[in-house]
Amino acid sequence: MRDKDVYTVNYEFKNDTLYFKYNDSVPKAGSKAVIDNDFVSYINGSYPESLKVKRNKFKLKK
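Heads up, the sequence shown is in my numbering, so the first residue is -11 and it goes up one at a time.
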């Protein structure tokens, strides 16, 4: 956990993909992530990064 890295962001949620629109700088992990089971995985950054979701409030529409 990097508590000093805080980003202000708006997002759009389509199917299983999150599109982040950062107000200032974009983190190196990227601005696009997919949700797969219990993980959110960034897919368009300079390195891959995944986060485990412990409490899911996302409603996926298929």
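Think of the CB as a built atom: it goes at the ideal place given N, C-alpha and C, for glycine as much as any other residue.
As the structure is a computational prediction, the values presented were derived from the model and not from experiment.
Determine the DSSP secondary structure at N(-2), reduced to helix, strand or coil.
Strand at N(-2).
Exposed unless 16 or more other CB atoms sit within 10 angstroms - verdict on Y7
By the Cβ neighbour-count rule, Y7 is exposed, with fewer than 16 other Cβ atoms within 10 Å of its own.
Y30, buried or exposed, once every other Cβ within 10 Å from all chains shown has been counted against 16
Flag for Y30 reads buried.
| Hey, is D26 close to the ligand COA, as in C-beta under 6 Å from one of its heavy atoms? | Annotation note on the ligand COA: not contained in the displayed structure, which lists no ligands.
* Asked: What is the C-beta distance between K40 and D26, in whole angstroms, given that I count them as a contact (C-beta under 8 Å)?
  -> Contact between K40 and D26 holds, since their C-beta atoms are separated by about 6 Å, short of 8 Å.
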